[in-house]
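Beneath this line is the structure, given in C-alpha cells, with notes to follow.
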C-alpha cells in the first residue's frame, strides 16, 4: 500500500479536523423541480405494478425536469440571490512557455472582479487531487508563468465577474481575440511521462478443460512494462523466473510459433485505427460553488457521474490549501455524460472559482466550444493484430494484438482503459493461445477518459473486422467461422477465467444466420445493384460480448417502512439518463409488491452504514486485505461511480438484496404472525420459498394475501425489523457475510455490511442499539471477499450482434444505412422499454463512430477552442435508419436470471458490422474509422 490517504480516510480526517461533510441530492425548494415524485407515483405505475412510463417522464416532456446546469444561486434555499460567473482562459499552444496575459482589450469596464493565476494557486496550496492515483488529474490547474502547458487547451487563468452582463461581454471578446495569451520562445513539448504498459498472455493446456500452461489468473500475472523514451521495456523472459518473467517466456513461445507456422494455417496480419471522438453529452460540464463567509462552509453543486469521488477528492484538495473550510456541503442533480462526467477534472476548477468568489456563489459552466476544448474524449487506438487460423478445421490457433492509445496530457483512467481494451480484444472467441499488450502514451492532446466503450469498442471492432476478412480469405461464411470458434460456457477467457453463468453466443449467431437480411443478402445485392446504377448494396455482420462492471463494484441501498406502510428507499445510484430511478424502484416492487413511496437517489452520506475503506481494491496485497477484513466495519470500496454499465446488475444487487432482506427479516415474520393469529396457518406447511406477491400483496401456500400497510403495522407493533440497509461489493464475485440479527438468528447474505432498524414497539434495549443514523449496524461475524487475483478475471458478459444493411453511392462515396437488426442477451429485463432506449441510443452512437465522428488529436483539434457541432458531425435520424431498425432481446432462461449491464455493449457491434457491409458492397476493406466518403472514393480509384 502506498502512503496516500484514502478517500474514506480523508472524510475521517476532515471530521477529526472539525470539517463537517454533507452530501446529497439538490435540496428543497430546488428539488421541487427534480424530486422523484414530481409526477406522482400512482400515475407512472400501471396494472400489475409495471411502469406505464419513466418515473420522471411527465417532468421530462413538460420541461420540468432540471439538470444541474439549470440552477442558479437564487434557486437554492439558503443561498444568496446574487450570482457571480467565471470563465477560464485556455492556452492553445503546448510548444512554448506561458508568458502572461494581455487583457487590455477588456478596458476598465470589463476587467474581472477577480483574476486568478497559477501563482495564486501555488501560493494558496491548491493542486489537483491525487485520491485516485498520483498525477491522475495532472500536476497543475493553471499553467504558471514560464511553464509550458502539458496539453493543448490547458487553462492559464480564471476570471470571475459579479454580474452576468460584464462576464458575458468579456468572455465573447476574449474568445475571438488574438494575443490575449502571451507566449515565450518556441521550444519542445512538456508532456507527462507515458502512463503505463500492460500485457496478458495465455497458453492453454492439452484441452480447454486442462490447467493452462500459462494464464494470468492461474499461473502468473498481468505484465507491466516501463518506458525508455517512447519504447516499451518489458521484463526479461525466464521460464523459471517470477510471474512476469514466465509470462514473457510464454509471449516468446507464441511469437516463435507464429514464425514457424506453415502453409496449413492462414496468418492474417492487419493494422487498424480507431479515432478520438467527443461523447457530446447534451449537458456540458458545470458547477456552482459558494464559499460562505462567516460559517466557512463550502457549498457546491456539481454535474458528475462520480459524486463520492468528487466529494473525497475535494476534501483532499482543501486539506492541502490555506483555505479554512469548516464544512463541506455538496449537492448533485440529474446529469448525462456517457462516462465523461466520471473522474472529470472540471468539478475542481469549479471549486477554485468558488474559493476566490469573495463570498458570493460563482458559477463555472462550459459552453459547447469550451466543452469540446476541455471535455474528456474517447481514446484513439492504433492496433496491430495477428490471427492464425487452421485451414482445415478453421479453428483459431493464436491471436496476438499490440495496441497503442493516446491518452492526452492527463493520466485519468487511461491505463485501465488500455488494459480493458487489451482484455476485450478476444471478442466472442475462444483462443487457445493469446498475447495482448497495450501501451498508454501521454501526449499534448486533450485528455481522454471514461467514455462509453472504454477501450473495448476500439479493440473488439478491429477483431470483428479481422475475423470477417479471415472468413473471406478462407472461403467460409462469416457466421459459420464465428460458430466454429465461439467462446462457450465452461471455456476460459484470455485471463484464464471462466465466465459467470451460461454463454448464449451460439444462440445469437444462429438467430442472426437465420435472419432474412443475412440469408437473402446475395440475391438482394444482385437485384439492388442492377436496379440502382452507380450504387452498391451490402450487408455486414458483427458480434461482440463485453464485460460489465469495474472489478470493484460497491453500492448501498436502504429500505424502511413506517407503521402506515409508507416505504422509503435511499440509493447511491444517480440517474445519468439510463432510467435508473425507474428501474431501481421496479426491482423493489418485483420482490415486495410495491414501488417505494419516497426515493432519494445519488445519496453519498450514509450514517446508517458507518464503514471505512482504504479505497485500494485493485492494489492491496492479499495478506493485507485479509488483515483489514478482520475489522467488521472495513470494506475494499464504499461506493462506485456511475459507469461500466453498473446500474442494473451491481447497484441493482444492493436494491434487490435489501428488498429480499426486508421480506425475510420483517414482512415474512409479520405475515406469519397474522396468518397464525387467525388459525389459517395451522393445518398447512408454510415456507418463505413459496412467498409470492400478487397484485401488490404477499401470499404463500394458500394464505390470505396481505398488503404492505397490514404487514408494516404488525412489524412495528411486534418490534420486528422495520428497515434494512445493505452494502455490497463485487470483484467478479459477490462478497458474502454472516450476521446475527436479533430475534432472527444467524443470517448469511451476499453483502459485506448490514444495518437494521426496529419497529416502534421494539424493546428499549434494541432501540438503544440504533446509533448509526437511526439504524443498528450489525458487526459481521464472518466475511468472504473475492480474492485479489480475480481483479483481471472479467467474467460478467453481455452479448450483442448486429446485421447492417447499406447502400454506397460510388459517385460521391456517401453511405446510406438502409436498415439494421440487433440481437441482445442481457438476462432479465427490468423495464424492457428502457432496454430498448439504450439499444437505440447505443446504435446511433456506434453509427457516428463508424461513419461520421472524428477529432484531430493535436494543434488542429479541439484544444484550439474552435470546435463545435458546426464542425463536428453527429449522427441524425436520417443517418441511423431510425424507422427501419429492429432489435430483439433473448428471453431469460428463467425468471431467476439476474439482469446484466448492457449500456456499453449495444454500441459496439454496429461499428464493425457497417465496415463489413461496406466490403460486401464495394469489395474494399477499411481499417480506419470513421469510414468517410473521401476514404470510400479513394478506395474505389
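Numbering (the numbering used here), first residue to last: 1227 to 2167.
For each residue, glycine too, the CB sits at the ideal point set by N, CA and C.
Query	Result
Can you list, in chain order, the residues of its chain with a C-beta nearer than 6 Å to that of residue 1934? Leave out the 5 residues immediately preceding and following it.	1791 and 1820
Could you give the distance in angstroms between the alpha-carbon of residue 1992 and the alpha-carbon of residue 1824?	26 Å
Expressed to the nearest angstrom, what Euclidean distance is found between the alpha-carbon atoms of residue 1301 and residue 1308?	11 Å
May I ask you to report which of helix, strand or coil DSSP gives residue 1808?	helix
Look at the alpha carbon of residue 1940 and the alpha carbon of residue 1986, and state the distance between them as a whole number of angstroms.	10 Å
Among 1598, 1881, 1369 and 1621, whose alpha-carbon lies nearest the alpha-carbon of residue 1808?	1881
Looking only at its own chain, which residues have a Cβ that is under 7 Å from the Cβ of residue 1417, when we skip the five neighbours before and after it?	1376, 1635, 1668, 1669 and 1670
Using the beta-carbon count (16 or more within 10 Å), is residue 2048 buried or exposed?	buried
Would residue 1835 pass as a contact of residue 1814 if the rule is Cβ separation under 8 Å?	no
Under three-state DSSP, which class holds residue 1597?	helix
Whole beta strand (DSSP E) runs in the stretch 1796-1867 with 3 or more residues, listed along the chain?	1824-1826
Can you tell me which residues form a DSSP beta bridge with residue 1454?	1457
Determine the extent of the beta strand (DSSP E) in which residue 2042 is found, giving its start and end residues.	2041-2051
Leaving out the 5 sequence neighbours to the left and right, which residues in its chain are closer than 8 Å to residue 1356 when beta-carbon positions are compared?	1230, 1362, 1363 and 1542
Where does residue 1717 fall in DSSP's three states?	coil
Determine the contact status of residue 1912 and residue 1896, defining contact as a CB-CB distance below 8 Å.	no
May I have the straight-line CA-CA distance separating residue 1812 from residue 1822, to the nearest angstrom?	9 Å
For residue 1769, which residues does DSSP report across the bridge?	2027
For residue 1510, I'd like the list of residues in its chain whose CB is within less than 8 Å of its CB, leaving aside the five on either flank, ordered along the chain.	1295, 1591, 1592, 1593, 1594, 1596, 1597 and 1601
Could you give the DSSP three-state label for residue 1925: helix, strand or coil?	strand
DSSP puts residue 1516 in a beta bridge; with which residues?	1525
Would you mind listing the alpha helix (DSSP H) stretches within the stretch 1686-1712 that are 4+ residues and don't spill past its ends, in chain order?	1704-1710
So, at 6 Å on beta carbons, what are the nonlocal neighbours of residue 1637 in its own chain, with the 5 sequence-adjacent residues on each side left out?	1361, 1362 and 1421
When burial is assigned at 16 or more other CB atoms within 10 Å of the CB, is residue 1428 buried or exposed?	buried
If you count every other CB in all the chains shown that lies within 10 Å of the CB of residue 2097, and 16 or more means buried, which is it?	exposed
Among the residues of its own chain, which have a CB less than 8 Å from the CB of residue 2157, if the five just before and after it don't count?	2041, 2076, 2077, 2140, 2141 and 2144
Pick out the complete beta strand (DSSP E) segments inside the stretch 1315-1356, 3 residues or longer, and give them in chain order.	1324-1327 and 1340-1343
Return the chain-ordered list of same chain residues with a C-beta closer than 6 Å to the C-beta of residue 1894, the five sequence neighbours on each side being excluded.	1914
For residue 1695, count neighbouring C-beta atoms within 10 Å of its own C-beta (all shown protein chains included) and say buried if the count is 16 or more, exposed if not.	buried
Can you grab the Cα-Cα spacing for the pair residue 1906 / residue 1741, in whole Å?	55 Å
Check whether the stretch 2057-2077 touches the stretch 2127-2141, taking contact to mean three or more Cβ pairs, one atom from each stretch, closer than 8 Å.	yes
Please name the residue in 2136, 1891 and 1499 whose C-alpha comes closest to that of residue 1942.	1891
Beta-carbon within less than 8 Å of residue 2062's beta-carbon, same chain only, minus the 5 sequence neighbours each way: which residues are those?	2113
Tell me which residues share the same chain as residue 2037 and place their Cβ nearer than 7 Å to its Cβ, disregarding the 5 neighbours each side in the sequence.	1760
Just to confirm my understanding: we take residue 1789, look at its own chain, exclude 5 residues before and 5 after, and list those with CB closer than 7 Å. What are they?	1938, 1939, 1942 and 1986
Can you find at least 3 beta carbon pairs, one from the stretch 1528-1544 and one from the stretch 1315-1335, that sit closer than 8 Å?	no
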